[in-house]
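Residue numbers (my numbering): 1 to 541. Report on one structure; see the data block that follows.
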């Protein structure tokens, strides 16, 4: 048999093909995180916090569209532990979502590795613990996704950027807070607001005349905030992965779990200026500050803090309606965001989710459509994948609220079909503001309104340039409507971002399903998957 002779031309083609293969392979960022308890001083006195590699808050992940992320998490706590990646789409793999419906928690003194891709995403996001009430002790951080260099941005490139993690904070230990909830009591009022784990301390320095990107996230568990910078304008450019019309604000409300990105030009006289976060729609009147410092400043921050905006709900609701999608801008791909004409797509499923505060068996609980969710010991995703009976069914929670005031325990899973286009109405019958987060898919915010939602209010929907995001507020005694294309197969969490509500039952899961068995629609169970509950003794692959 004659040996094949590789001609120079063929070798050249092969070399080019190999080079292209390497270029096409998206980069991978590797992290090793050790989760421990440690002493922190956010309010000037020692407290026990949850640290990542000794840091509070945890390290910020800086990545680019389509990067692969590998995070090996070593749990050194005395509790089981999970991290969820808020707003990261987890394309085709709810296995990496990091909530109790999809993952067995990581036992103490063991490790588990998350592997996912930031597929077709840009923007400002966060990560945080999803188990128990660990988020009240730390374990959270920023996750920023920049655009690829070949994709233009719809604004002048900033000179630098800052990440601000703002949230409420409690003096009591997270275990004390959890015991209160387990006893059927409400949480106390937060003691403070923090910026990057500090109160009235952090300093952000820039040069006069230059423009800076501020990535701002509300990482609290109970409190909406208002954000502003003394004497400076905030140009909103992005909300949770969507480029916005570049409206300019004096201040902007950021609700629990939400992230926004601003451009701020240092166009004032050289000096120091207050960065202010204040509580909104809350019983506790909390304020914290940081400092915006011009290089060369010898004038310390002074004067009155900027005045808080009115507490009027209509004012905030009108402001929320001004946050709209930039239809001509590229995002992660080189096509305009407005090329998906969501307002012309027929709605195949409508869910009306009414939220209620209740007393069940003598204890405080929260419910959705009369069901106060409880997480079974077997993750819903494992039960679904391996056809384990008795874990959940698709009849526990209904698409519309019942006329009955009766509330009961249940495991809430709504069955949906892959590629369905759905309308979801969040009806808030309480006197407090709510915030809802959806894993797996972004959604279009199409309407806010006072009172009870009726089909007639669809005439008021924004069907052209509603903003896409993952977390949306619902004002007291009001409703919020969203539209969503359910294009991501899996078991996805839909939850209250207010931790007391979520911990006590205000969440559910969406089973987005198709009969097609293909890696193009959903990945297989990971080789390192943890098995627990009724799946504990299943054979490993």
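In this text, a Cβ means the ideal position worked out from N, Cα and C, and glycines have one as well. As the structure is a prediction and not an experimental result, all values here were calculated from the model.
Practice task
In the DSSP assignment, find the beta strand (DSSP E) that holds residue 125 and state where it starts and stops.
Solution key: 123-129
Exercise for the section: Would you please state the rounded distance, in angstroms, between the beta carbons of residue 303 and residue 270? I believe it to be under 8 Å. Expected result: So it is not a contact: roughly 16 Å between Cβ atoms.
Problem - In chain order, each beta strand (DSSP E) run of at least 3 residues that lies wholly inside the segment 294-375 - result: 349-360, 363-368 and 371-373
Handout entry: Residue range of the beta strand (DSSP E) that includes residue 453
Key = Neither: residue 453 is in no beta strand (DSSP E) and is coded neither H nor E.
Exercise for the section: Could you have a look at residue 174 and say whether DSSP puts it in helix, strand or coil? Expected result: helix
Exercise for the section: Please list the segments of the alpha helix (DSSP H) lying wholly inside the segment 372-433, counting only runs of 4 or more residues, in order along the chain. Expected result: 380-385
Exercise for the section: Look at residue 446 and residue 481 and say whether their C-beta atoms are less than 8 Å apart. Expected result: yes
Exercise for the section: Kindly indicate if chain C contains any beta-carbon less than 8 Å away from that of residue 379. Expected result: Absent from the structure: chain C. Only one protein chain is present.
Problem - Status (buried if at least 16 other CB within 10 Å, exposed otherwise) for residue 177 - result: buried
Problem - Presumed contact (8 Å Cβ cut-off) between residue 146 and residue 64, rounded CB distance - result: 5 Å
Exercise for the section: Find the nearest neighbour of residue 289 within the set 247, 232 and 203, judged by alpha-carbon distance. Expected result: 203
Problem - Collapsed DSSP secondary structure at residue 497 in the structure displayed - result: coil
Problem - Proximity of residue 332 and residue 121 at Cβ, strictly below 8 Å - result: yes
Problem - Straight-line Cα distance separating residue 508 from residue 401 - result: 14 Å
Handout entry: Three-state class that DSSP yields for residue 215 in the structure shown
Key = strand
Exercise for the section: Closer than 7 Å by C-beta to residue 322: which residues in its own chain qualify, once you throw out the five before and the five after it? Chain order, please. Expected result: 247
Exercise for the section: Could you tell me whether the Cβ atoms of residue 473 and residue 367 are closer together than 8 Å? Expected result: no
Handout entry: Cross-strand partners of residue 542 (DSSP beta bridge)
Key = Within the shown structure, residues of the chain are numbered from 1 to 541, placing residue 542 beyond reach of any answer.
Problem - Classification of residue 27 by the beta-carbon crowding that lies within 10 angstroms, buried from 16 upward - result: exposed
Practice task
Starting from residue 235, trace the beta strand (DSSP E) both ways and give me its first and last residue.
Solution key: 234-239
Handout entry: Alpha-carbon to alpha-carbon, residue 258 and residue 219
Key = 8 Å
Problem - Whole-Å CB distance - residue 40 paired with residue 52, under 8 Å assumed - result: Residue 40 to residue 52, Cβ: 12 Å. No contact.
Practice task
Out of 210, 184 and 164, point me to the one whose CA is closest to residue 228's CA.
Solution key: 164
Exercise for the section: Would you check if the segment 452-466 and the segment 487-495 touch, i.e. whether three or more CB-CB distances between them fall below 8 Å? Expected result: no
Problem - CB of residue 369 within 8 Å of CB of residue 391, strictly - result: no
Exercise for the section: Answer yes if the segment 404-415 comes into contact with the segment 333-340, meaning at least three C-beta pairs across the two stretches below 8 Å, and no otherwise. Expected result: no
Problem - Chain-order list of residues whose beta-carbon lies under 6 Å from that of residue 98 (same chain, five-residue window excluded) - result: 82, 83, 84 and 130
Problem - Three or more C-beta pairs below 8 Å linking the segment 378-391 and the segment 417-436 - result: no
Problem - Beta-bridge pairing of residue 470 - partner residues as DSSP gives them - result: DSSP lists no partner for residue 470.
Problem - Whole-angstrom distance between residue 277 and residue 191, CA atom to CA atom - result: 14 Å
Exercise for the section: Could you tell me the boundaries of the beta strand (DSSP E) in which residue 112 lies? Expected result: 110-117
Exercise for the section: Give the straight-line distance between the Cα atoms of residue 312 and residue 280, rounded to the nearest whole angstrom. Expected result: 10 Å
Exercise for the section: Counting only runs of 3+ residues fully inside the segment 132-212, write out the beta strand (DSSP E) ranges in chain order. Expected result: 141-146, 160-169, 192-195 and 203-206
Exercise for the section: Please say whether residue 282 and residue 378 have beta carbons closer to each other than 8 Å? Expected result: no
Practice task
Measure from the alpha carbon of residue 244 to the alpha carbon of each residue in 169, 141, 123 and 179, then state which is nearest.
Solution key: 123
Practice task
With a 10 Å radius around its C-beta and 16 neighbouring C-beta atoms as the bar for buried, classify residue 49 as buried or exposed.
Solution key: buried
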